[in-house]
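Here the structure is laid out as structure tokens; the discussion comes afterwards.
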Amino acid sequence: AYVPGAFTPIAEADLGSWREAMDVNFFGTMGLTLEAVPHMRKQGGGAVVMINTMVTRKPMPSQAGYGASKAALANATSHLALELGPDNIRVNSAFMGWMWGPSVEGYFKMAEEAGGPTVEQQKAAVAAQLAADLFWVFSLQALAS
Numbered sequence: 045a046y047v048p049g050a051f052t053p054i055a056e057a058d059l060g061s062w063r064e065a066m067d068v069n070f071f072g073t074m075g076l077t078l079e080a081v082p083h084m085r086k087q088g089g090g091a092v093v094m095i096n097t098m099v100t101r102k103p104m105p106s107q108a109g110y111g112a113s114k115a116a117l118a119n120a121t122s123h124l125a126l127e128l129g130p131d132n133i134r135v136n137s138a139f140m141g142w143m144w145g146p147s148v149e150g151y152f153k154m155a156e157e158a159g160g161p162t163v164e165q166q167k168a169a170v171a172a173q174l175a176a177d178l179f180w181v182f183s184l185q186a187l188a189s
């Protein structure tokens, strides 16, 4: 489960929308995780995978509330990994990018209806940007090795 919050610029943000995103995306996820920890400790270990978003690494206009909730989750994940590692519990994050489905389709349709590019134009722009992003990631990996 996740809540994207309202897509508005920060200067026009309704912080109530941010609170809703924090309640579900951060506190909801943390609550479930903390319920599982005693069971993992009892069985001698386990693994937790937090579903995060590339928005925390590559901000998008009007998604600050959502990004902030997931950035809080990313930070907590690092702390959980540090603290639960000695109990043989791995904690990691998967930083998801665009995945075609109802939420992305709805977002693209909403943008089109608001006078933005067509759904097909948005898909093409995302595909082009993904290629550029992958080139950037692989370039960084090549520099590191």
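Letter by letter, the sequence shown follows residues 45 to 189 in our numbering.
For glycine and all other residues, C-beta sits at the position ideal for the given N, C-alpha and C.
Listed in chain order, the non-local C-beta contacts of residue 98 below 6 Å within the same chain comprise 139, 141, local neighbours out to five positions each way being set aside. Under the three-state reduction of DSSP output, residue 132 falls in the coil class, being neither helix nor strand. Here residue 48 really is in contact with residue 110; their C-beta atoms are around 5 Å apart, less than 8 Å.
For residue 75, the uninterrupted alpha helix (DSSP H) segment begins and ends at 73 to 87.
Residues of the same chain with a CB within less than 6 Å of the CB of residue 121, apart from the 5 flanking positions on each side, are 94, 135, 137 in chain order. In the structure shown, residue 145 falls within a coil segment according to DSSP collapsed to helix, strand and coil. Membership of residue 65 in the alpha helix (DSSP H) is indicated by the continuous run 59 to 65.
Contact between the stretch 57 to 64 and the stretch 77 to 92 is absent: fewer than 3 CB-CB pairs across the two stretches fall below 8 Å.
Counting along the chain, the unbroken beta strand (DSSP E) around residue 93 starts and ends at 90 to 97. A straight-line Cα-Cα distance of about 34 Å links residue 143 and residue 130.
Ranking 103, 57, 163 by CA distance to the CA of residue 146 puts 163 first.
As computed with DSSP, residue 137 is found in a beta bridge with 94. CA-to-CA, the gap between residue 125 and residue 116 works out to about 14 Å.
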